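A.B. asks: Could you have a look at this structure, given as structure tokens, before my questions?
Numbering (this note's numbering), first residue to last: 12 to 356.
Next comes the structure, spelled out in structure tokens:
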């Protein structure tokens, strides 16, 4: 969301850069008077004139925080507490910690509890403890919007794309379509899709790809959607069992949902895959969750984390470097996925 749409009134270096066709780091260096940079005099004059005309006011707190380096990066999730029992979240955090360690940096975890004001979270992140931040949250998160507007802290989003923030995601569309194709080859025609009521970017992309693939195979009328509370599949399974013509297979939007559905099927006496074939997504193959080999689409979260760390590290370096050369990352970097066959479908 653009700054003007929210009418915050605060002009940032990014706004000035957009107006002049310059990179935000270049504008920031001119505005802060950083030395050791080769900047054409006419460029410096253009920036200073635009700053005056647009009403730019420097953020003294942000400038002072940028002057000292901590070699710590933050990880923030907007989906509740950081829970080590969440295999997907643990996989991402573990991969980020390894990538940070290779650069002799540490990762500080942040999470949000219900009722915490976005301003309080923002101020906590701006207290100078971190050089940059990984965001794992949904579009529309007030904190993500505020960070996108600000040039105070290097930020990279991971797993879900966020407007205005460099984001690294897996190829949700091709992965989901591959799952449908695989189930179709196994003889399934009436296929369900189980997704959370909380809709965010990866959910939209995966569900959209599911519907597209079903439509292109002439199965649009056979596509069934089941909305659930996150990882609570029992009501949906009860609905499936009550249907006169139920689906023979269900694609779950992620592996943790698939694991929960397998567990509920076991308790309800539904055979998997004989009574219901089940597929997941993400590649979080945790034997503690189920002894079954899940049909899923795997993303290489180690590679995604390494590239996310590389992008964030480049942003951080540009804040402290005395040389030009940093180019902003692409808005969204999409990395490939792989179909992993299992015994659940």
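Every residue, glycine too, gets a C-beta built ideally from N, C-alpha and C.
Note that the coordinates shown come from a computational prediction; the quantities given were computed from them, not determined experimentally.
#1: Ends of the alpha helix (DSSP H) at residue 221?
#2: Where does residue 347 land, buried or exposed, given buried means 16+ other C-beta within 10 angstroms?
#3: Please report how far the alpha carbon of residue 202 lies from the alpha carbon of residue 141, in whole angstroms.
#4: Within 8 Å, do at least three Cβ pairs link the segment 126-138 to the segment 312-325?
#5: Start and end of the beta strand (DSSP E) containing residue 345?
#6: When the Cα of residue 328 is compared with those of 250, 29, 287, 80, which residue comes out closest?
#7: Give the DSSP bridge partners of residue 205, in chain order.
#8: Quick check: what's the CA-CA separation for residue 309 versus residue 59?
#9: Indicate, with yes or no, if the ligand NAP has a heavy atom lying under 6 Å from the CB of residue 81.
#10: For residue 190, count neighbouring C-beta atoms within 10 Å of its own C-beta (all shown protein chains included) and say buried if the count is 16 or more, exposed if not.
#11: Between the Cα of residue 295 and the Cα atoms of 177, 349, 144, 178, which residue gives the shortest distance?
#12: Put residue 149 into one of helix, strand or coil per three-state DSSP.
#13: Please report the Cβ distance between residue 170 and residue 176, rounded to the nearest whole angstrom; I am assuming they are in contact, meaning their Cβ atoms lie under 8 Å.
#14: Inspect the beta-carbon positions of residue 265 and residue 292 and report whether they are closer than 7 Å.
#15: Helix, strand or coil for residue 337 per DSSP?
#16: Can at least three beta-carbon pairs, one atom from the segment 100-111 and one from the segment 178-190, be found at a separation below 8 Å?
#17: On the criterion of 16 or more Cβ atoms from any shown chain inside 10 Å, does residue 236 qualify as buried, or is it exposed?
#18: Using three-state DSSP, classify residue 170 as helix, strand or coil.
#19: Run through DSSP, which three-state label would residue 365 get?
#20: According to the neighbour-count rule (16 or more other Cβ atoms, all chains shown, within 10 Å of its Cβ), is residue 75 buried or exposed?
#21: Go ahead and pull the three-state DSSP assignment for residue 99.
#22: Please confirm if the segment 216-229 is in contact with the segment 245-260, defined as three or more CB-CB distances below 8 Å between the two stretches.
#23: Distance check for residue 36 and residue 337, CA to CA, integer angstroms please.
#24: Measuring CA to CA, which of 52, 57, 51 is closest to residue 29?
#25: According to DSSP, what are the bridge partners of residue 119?
#26: Taking only the alpha-carbon atoms, compute the straight-line gap between residue 279 and residue 245 and give it to the nearest angstrom.
#27: Please say whether residue 118 and residue 144 have beta carbons closer to each other than 7 Å?
#28: Classify residue 271: buried if its beta carbon has 16 or more other beta carbons within 10 angstroms, exposed otherwise.
#29: Assuming residue 34 is part of the alpha helix (DSSP H), what are its boundary residues?
#30: Between the C-alpha atoms of residue 101 and residue 41, what's the straight-line distance to the nearest angstrom?
#31: Does the Cβ of residue 284 have 16 or more other Cβ atoms within 10 Å, making it buried, or fewer, making it exposed?
#32: Which residue comes first and which comes last in the alpha helix (DSSP H) that contains residue 307?
#33: Whose CA, out of 213, 39, 153, 31, lies closest to the CA of residue 87?
#34: Measuring alpha carbon to alpha carbon, tell me which residue in 97, 104, 205 is nearest residue 317.
#35: What separation, rounded to the nearest whole angstrom, lies between the Cα atoms of residue 217 and residue 114?
C.D. replies: Considering the structure as presented:
#1: Residues 212-227.
#2: Exposed: under 16 other Cβ atoms inside 10 Å.
#3: About 46 Å.
#4: Inter-segment contact for the segment 312-325 and the segment 126-138 is absent: fewer than three beta-carbon pairs are separated by less than 8 Å.
#5: Counting along the chain, the unbroken beta strand (DSSP E) around residue 345 starts and ends at 343-346.
#6: Measuring from the Cα of residue 328, the nearest candidate turns out to be 80.
#7: Note: residue 205 sits in a beta bridge opposite 237, 263.
#8: Distance between the alpha carbons of residue 309 and residue 59 is about 49 Å.
#9: Ligands in the displayed structure: none, and consequently the ligand NAP is not present.
#10: Answer is buried; the Cβ neighbour count reaches 16.
#11: Each of 177, 349, 144, 178 was checked against the Cα of residue 295, and the nearest Cα belongs to 349.
#12: In this structure, residue 149 counts as coil in the three-state DSSP scheme.
#13: Their Cβ separation, rounded to whole angstroms, is 12 Å, which puts residue 170 and residue 176 out of contact at 8 Å.
#14: Contact flag set, yes.
#15: For residue 337, the predicted model reports a pLDDT of 46, less than 50, meaning its position is unreliable; a value from the coordinates is still stated below. Reduced to three states, the DSSP call for residue 337 is coil.
#16: No, they do not touch.
#17: Counting Cβ neighbours within 10 Å, residue 236 comes out exposed, since fewer than 16 surround it.
#18: Residue state for residue 170 is assigned as coil, using DSSP reduced to three classes.
#19: Residue 365 lies beyond the residue range present for the chain, which begins at 12 and ends at 356; the question has no answer from this structure.
#20: Any answer about residue 75 is weak, because its pLDDT of 46 lies below 50 and its placement is not dependable; what the coordinates show is given next. It is exposed - the Cβ of residue 75 has fewer than 16 other Cβ atoms within 10 Å.
#21: Here residue 99 sits in helix by DSSP.
#22: Output reads no: the segment 245-260 does not touch the segment 216-229.
#23: In this prediction, residue 337 scores a pLDDT of 46, lower than 50, which makes its location untrustworthy; the coordinate-derived value is nonetheless stated afterwards. Roughly 8 Å separates the two Cα atoms.
#24: Comparing Cα-Cα distances from residue 29 to each of 52, 57, 51, the minimum goes to 57.
#25: When beta bridges are read from the DSSP output, residue 119 appears opposite 85.
#26: Taking the Cα positions, residue 279 is about 9 Å away from residue 245.
#27: Taking 7 Å as the cut-off, the Cβ atoms of residue 144 and residue 118 do not count as close.
#28: Residue 271 counts as buried, since at least 16 other C-beta atoms from the protein chains shown sit within 10 angstroms of its C-beta.
#29: In the DSSP assignment, residue 34 falls outside any alpha helix (DSSP H), carrying neither H nor E.
#30: Computed Cα separation, rounded: 40 Å.
#31: Here residue 284 is buried. Its C-beta has 16 or more other C-beta atoms within 10 Å.
#32: Taken as a continuous stretch (DSSP letters only), residue 307 belongs to no alpha helix (DSSP H), being part of the beta strand (DSSP E) at 307-310.
#33: Measuring from the Cα of residue 87, the nearest candidate turns out to be 153.
#34: Selected option, being the one with the closest Cα: 104.
#35: Between residue 217 and residue 114, the C-alpha separation is close to 34 Å.
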